[in-house]
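Trainee:
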Amino acid sequence: MYIGSTDLRGLHHLVVEIVDNSIDEALAGYCDTIVVTLHADNSVSVLDNGRGIPVGMHPTAKKSALEVVLTKLHAGGKFGGGGYKVSGGLHGVGLSVVNALSARLLVEVYRDGEVHHQEYTRGVPNGPVTVTGKTDRHGTYVRFWPDPEMFPEIDFSWDAVSTTLRSYAFLNKGITIQLGDERRDLVYTFHFEGGIEAFVRFLNANRNAVNAKPMYAEREVDGNIIEIALQYQNTAFTEHVLAFANNVHTEEGGSHVTGFRSALTATLNKYARKAGILKDNDPNLTGDDVRDGLTAVISVKLQEPQFEGQTKTKLGNSEVAGQVSAVLGDSLMQYLDENPGDGRKIIEQSLTAARARQAAAKARDLVQRKSLLESSTLPGKLVDCSERDPEHCEIFIVEGLSAGGTAKEARERRNQAILPLKGKILNVEKARADKILGNEEIKTLITALGAGFGETLSLDKLRYHRIVLMADADVDGSHIRTLLLTFFWRHLKPVVDSGYLFLAQPPLYKLTKGKQTEYAYSDGERDEKFKSLGGRGGKVDVSRFKGLGEMKADELWNTTMDPDRRVLLRVGVEDALKADDIFDRLMGADVEPRKRFIQTHAKSVRNLDI
Ligand code: 0RA
365 MYIGSTDLRG LHHLVVEIVD NSIDEALAGY CDTIVVTLHA DNSVSVLDNG
415 RGIPVGMHPT AKKSALEVVL TKLHAGGKFG GGGYKVSGGL HGVGLSVVNA
465 LSARLLVEVY RDGEVHHQEY TRGVPNGPVT VTGKTDRHGT YVRFWPDPEM
515 FPEIDFSWDA VSTTLRSYAF LNKGITIQLG DERRDLVYTF HFEGGIEAFV
565 RFLNANRNAV NAKPMYAERE VDGNIIEIAL QYQNTAFTEH VLAFANNVHT
615 EEGGSHVTGF RSALTATLNK YARKAGILKD NDPNLTGDDV RDGLTAVISV
665 KLQEPQFEGQ TKTKLGNSEV AGQVSAVLGD SLMQYLDENP GDGRKIIEQS
715 LTAARARQAA AKARDLVQRK SLLESSTLPG KLVDCSERDP EHCEIFIVEG
765 LSAGGTAKEA RERRNQAILP LKGKILNVEK ARADKILGNE EIKTLITALG
815 AGFGETLSLD KLRYHRIVLM ADADVDGSHI RTLLLTFFWR HLKPVVDSGY
865 LFLAQPPLYK LTKGKQTEYA YSDGERDEKF KSLGGRGGKV DVSRFKGLGE
915 MKADELWNTT MDPDRRVLLR VGVEDALKAD DIFDRLMGAD VEPRKRFIQT
965 HAKSVRNLDI
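Everything in the sequence shown is counted per the working numbering, starting at 365 for the first residue and increasing by one.
1. For Glu702 and Trp853, what's the separation of their Cα atoms in angstroms?
2. Determine contact between the region 407 to 415 and the region 428 to 435, defined as no fewer than three beta-carbon pairs at a distance below 8 Å.
3. Between the Cα of Cys395 and those of Lys877, Thr540, Ile810, Gly841, spot the shortest distance and give me the residue it belongs to.
4. Give a yes or no on contact between the region 527 to 547 and the region 500 to 507, applying the rule of three or more CB pairs nearer than 8 Å.
5. Would you tell me roughly how many angstroms separate the C-alpha atoms of Ser750 and Leu847, rounded to the nearest one?
6. Where Lys745 and Gly936 are concerned, what is the direct C-alpha to C-alpha distance, given to the nearest angstrom?
7. If you run the structure through DSSP and keep just helix, strand and coil, what is Tyr828?
8. Applying the 10 Å Cβ sphere with the 16-neighbour rule, what's the burial state of Glu584?
9. Just checking, does the region 515 to 535 make contact with the region 608 to 628 on the three C-beta pairs under 8 Å criterion?
10. Using 6 Å as the cut-off, classify the Cβ of Pro578 as near or not near the heavy atoms of the ligand 0RA, replying yes or no.
11. What do you reckon, is the C-beta of Thr540 under 6 Å from a heavy atom of the ligand 0RA?
12. Given His829, which residues of its chain have a CB within under 7 Å of its CB, disregarding the five upstream and five downstream residues?
13. Applying the 10 Å Cβ sphere with the 16-neighbour rule, what's the burial state of Glu773?
14. Nearest-angstrom Cα distance between Thr622 and Glu683?
15. Beta-carbon separation of Thr677 and Glu616 under 7 Å?
16. When you compare the CB positions of His620 and Val688, do they come within less than 7 Å of one another, or not?
17. If we count the other Cβ atoms within 10 Å of its Cβ and call it buried at 16 or more, is Gly768 buried or exposed?
18. Give a yes or no on contact between the region 579 to 593 and the region 664 to 674, applying the rule of three or more CB pairs nearer than 8 Å.
19. Rounded to whole angstroms, what's the CA-CA distance from Val479 to Val574? Just pull it up for me.
20. Tell me, please, which residues DSSP counts as bridged to Leu402.
21. Between which residues of its own chain and Asn568 is the CB-CB distance below 6 Å, once the five residues before and five after are set aside?
22. Just to confirm before moving on: does the CB-CB distance between Gly458 and Glu381 stay below 7 Å?
23. Whole alpha helix (DSSP H) runs in the region 580 to 634 with 4 or more residues, listed along the chain?
24. In three-state DSSP terms, what is Tyr394?
25. Answer yes or no: the CB of Pro418 versus the heavy atoms of the ligand 0RA, is any distance below 6 Å?
26. For a test of your reading of the model: does the CB of Arg415 fall under 6 Å from any non-hydrogen atom of the ligand 0RA? Yes or no.
27. Reducing DSSP to helix, strand and coil, say where Val506 ends up.
28. Tell me Asp748's beta-bridge partners as DSSP assigns them.
29. Starting from the C-beta of Glu483, find all residues in its chain whose C-beta is less than 6 Å away, skip the five residues before and the five after it, and write them out in chain order.
30. Starting from the C-beta of Glu546, find all residues in its chain whose C-beta is less than 7 Å away, skip the five residues before and the five after it, and write them out in chain order.
31. Please find out if some non-hydrogen atom of the ligand 0RA comes closer than 6 Å to the beta-carbon of Asn385.
32. So if DSSP puts Tyr883 in a beta bridge, which residue, or which two residues, is it bridged to?
33. Under the three-state reduction of DSSP, which class applies to Phe852: helix, strand or coil?
34. Is it true that the CB of Ile398 sits closer than 7 Å to the CB of Ser386?
35. What separation, rounded to the nearest whole angstrom, lies between the Cα atoms of Tyr505 and Met421?
36. Are the CB atoms of Phe624 and Pro692 within a distance shorter than 7 Å?
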């Protein structure tokens, strides 16, 4: 078990730790329903209909097994030894950690016809386990109040919890997971008979599918369960392969992904030749070609998974590569043979990708020969700073020339550079590499940053270690910000990973009373400041900034650019899954969902933690 941090990520991990136990109980075959509730008092409860944590006397500890589970750290871990199939012994790993990090925790076990009850304060029992009544249900109920002394922020986010629970429901088909939010009177139920096939359909929901029915395979090999679903789409030219091992999102990949990739390339080439689409003299499709427009979910459940890598999200078990590869090879070939129309469309999409890649390579060569992307001639629009050490240099990317002018006047010229861009940049999610490199605004941006692009990016050439996106606080501004974020995410990802990308937070309102001026960054803050300035009595003037260009230079400096007073949001990759999901929704070709999202989230995009 691992909480890792006491930020929002750590806070949400508390929920995951508890739900994991219920999922284990479900995988062991004893539980099919899990109910999670976000309560109005910042507590969370998890109820399942499993066997219930044992409540008998623990022979050596001389106390209830329930109390042992809730107070002792367990070695091994729920996926070590014993495995998911026979959840023998004491699982409940992680419960003790949640307990220790909770100001208060309440547990009820429904077992053998009785309700067993116990409460804790900061991990210490208030009293022994007592029987408080009779019941005909079975299962476990845990409600915890995270300790505000451990967690600076204890507001649970619907989005974060629902994304995790939805994935759990996809990955464990047949299980019903209900999520309720008392604060907003909202209840969602996740239940997917289709499992990861439904997951793939969900990921492609706003896109145009190439093969209408995803390929789906589930097979047990040497005690390991291998599950794969894939579907091609031609709306965005991106690859989405999500891989999981024992329900853990393996962001760093590993043997299951390796096996998947090699079988995909081999099988599609074999099929393309068999079907006569690739001729004898044609070169093979490459891995990149066959992954263009691919959406896939790989889920393996292993007796003894080995997690490696920096964040322990890389699957190490070497035997799994061959197992996944064999399962995909067989089932994909069978799928293509049975659906030759889909087979042809998939191969043709890969061939198109191959041609585009060749065109892009040419375009890149051309551009690089002219050394545009790494040239020493910086773009004319860039208002550079005098400092040369990237570590001390900042660049503000602003929308439009008028905002650019104000920012230029406001900036500290020693270390703050300004790059004004003309209106909206290209939506890179919908364009291929050759077109992206042909776009003037993007070229300007890449040249100004100095580090190159895509595979040839070299971070040590990056000219600024603070890249600040400064867009208006309105719907248009948030759209532009999203387009830029998408571009960084897709083509300058190391910049994001290194924590060099930031969002500026210009104020929305200016309040003046006599000589006193205050700025507000949200409607709530506006109302607060209005009151504290002695609002009701009148005389407080409230004006809304329509755009950055409307601000005076000193206002922009004081509120948004001065390092001593501003608040910058660092764009972090908290969770690639969440980021992908958001980008899909925002950038897919379907306009409606995108518009809806941007409008309903226009305000919260300010705090979007990608
Ligand atoms: C230890 C042993 C058994 C079940 C559990 C723990 C268990 C823990 C949690 C935590 C949340 N929900 C849970 N459900 C079950 C096996 C009990 C038996 O053998 O009867």
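Backbone N, C-alpha and C fix where the C-beta goes; we use that ideal spot for every residue, glycine too.
Mentor: So, from the listed chains and residues:
1. Translated into positions along the sequence shown, residue 702 becomes position 338. Translated into positions along the sequence shown, residue 853 becomes position 489. Straight-line Cα distance between these residues: approximately 37 Å.
2. no
3. Your numbering for residue 395 matches position 31 in the sequence shown. The shortest C-alpha separation from Cys395 is found at Thr540.
4. no
5. Counting from one through the sequence shown, the residue named residue 750 turns up at place 386. Counting from one through the sequence shown, the residue named residue 847 turns up at place 483. Those two C-alpha atoms are separated by around 29 Å.
6. Position 381 of the sequence shown, counted from the start, is the residue given in the question as residue 745. Position 572 of the sequence shown, counted from the start, is the residue given in the question as residue 936. Looking at the two C-alpha atoms, the distance is approximately 28 Å.
7. Counted from its first residue, the sequence shown places residue 828 at position 464. In this structure, Tyr828 counts as coil in the three-state DSSP scheme.
8. Looking up residue 584 in the sequence shown gives position 220. Answer is exposed; the Cβ neighbour count stays below 16.
9. yes
10. Looking up residue 578 in the sequence shown gives position 214. Checking every heavy atom of the ligand 0RA against the Cβ of Pro578, none is found closer than 6 Å.
11. If you number the sequence shown from 1, residue 540 lands on position 176. False, no ligand heavy atom lies under 6 Å from that Cβ.
12. Numbered from its first residue, the sequence shown carries residue 829 at position 465. Taken in chain order, the residues that qualify are Pro754, Glu755, Cys757, Tyr864.
13. In the sequence shown, counting from the first residue as 1, residue 773 sits at position 409. Label assigned to Glu773: exposed.
14. Position 258 of the sequence shown, counted from the start, is the residue given in the question as residue 622. Position 319 of the sequence shown, counted from the start, is the residue given in the question as residue 683. Roughly 11 Å separates the two Cα atoms.
15. What you label residue 677 is simply residue 313 of the sequence shown in a count that begins at 1. What you label residue 616 is simply residue 252 of the sequence shown in a count that begins at 1. In contact: Thr677 and Glu616 (Cβ atoms closer than 7 Å).
16. The residue labelled residue 620 in the question sits at position 256 within the sequence shown. The residue labelled residue 688 in the question sits at position 324 within the sequence shown. Cβ distance < 7 Å, so His620 and Val688 count as in contact.
17. Position 404 of the sequence shown, counting from 1, holds the residue named residue 768. Counting Cβ neighbours within 10 Å, Gly768 comes out buried, since at least 16 surround it.
18. yes
19. Looking up residue 479 in the sequence shown gives position 115. Looking up residue 574 in the sequence shown gives position 210. Whole-angstrom Cα-Cα distance: 53 Å.
20. In the sequence shown, residue 402 corresponds to position 38, counting from 1. DSSP, once it has assigned bridges, lists Val408, Asp545 as partnering Leu402.
21. Position 204 of the sequence shown, counted from the start, is the residue given in the question as residue 568. Gln595, Gln597, Thr659, listed in sequence order.
22. Sequence index remark: in the sequence shown, residue 458 carries index 94 (1-based). Sequence index remark: in the sequence shown, residue 381 carries index 17 (1-based). Their beta carbons are under 7 Å apart, which means Gly458 touches Glu381 by this criterion.
23. none
24. Along the sequence shown, read from residue 1 onward, the residue named residue 394 stands at position 30. Tyr394: coil per DSSP, three-state reduction.
25. By 1-based counting over the sequence shown, the position of residue 418 is 54. The answer is yes for Pro418.
26. Counting from 1 along the sequence shown, the entry for residue 415 is found at position 51. True, at least one ligand heavy atom lies under 6 Å from that Cβ.
27. Reading the sequence shown from its first residue, position 142 is the one you call residue 506. DSSP places Val506 in strand when its eight states are reduced to three.
28. Walking along the sequence shown from the start, residue 748 turns up at place 384. DSSP lists no partner for Asp748.
29. In the sequence shown, counting from the first residue as 1, residue 483 sits at position 119. Excluding residues within five positions, the ones whose Cβ falls inside 6 Å are Leu470, Asn490.
30. As a first step, residue 546 is located in the sequence shown; it is residue number 182 there, counting from the start. Answer for Glu546: Thr401, Leu402, His403, Ala404, listed in chain order.
31. Translated into the one-based positions of the sequence shown, residue 385 becomes position 21. For the ligand 0RA, at least one heavy atom lies less than 6 Å from the Cβ of Asn385.
32. Position 519 of the sequence shown, counted from the start, is the residue given in the question as residue 883. According to DSSP, Tyr883 bridges with Lys874.
33. Along the sequence shown, read from residue 1 onward, the residue named residue 852 stands at position 488. Of the three classes helix, strand and coil, the one that applies to Phe852 here is helix, per DSSP.
34. As a first step, residue 386 is located in the sequence shown; it is residue number 22 there, counting from the start. As a first step, residue 398 is located in the sequence shown; it is residue number 34 there, counting from the start. Their beta carbons are under 7 Å apart, which means Ser386 touches Ile398 by this criterion.
35. The count along the sequence shown starts at 1 and reaches residue 505 at position 141. The count along the sequence shown starts at 1 and reaches residue 421 at position 57. Each residue's alpha carbon lies about 20 Å from the other.
36. Counted from its first residue, the sequence shown places residue 692 at position 328. Counted from its first residue, the sequence shown places residue 624 at position 260. Here residue 692 turns out to be Leu, not Pro, going by the sequence shown. In contact: Leu692 and Phe624 (Cβ atoms closer than 7 Å).
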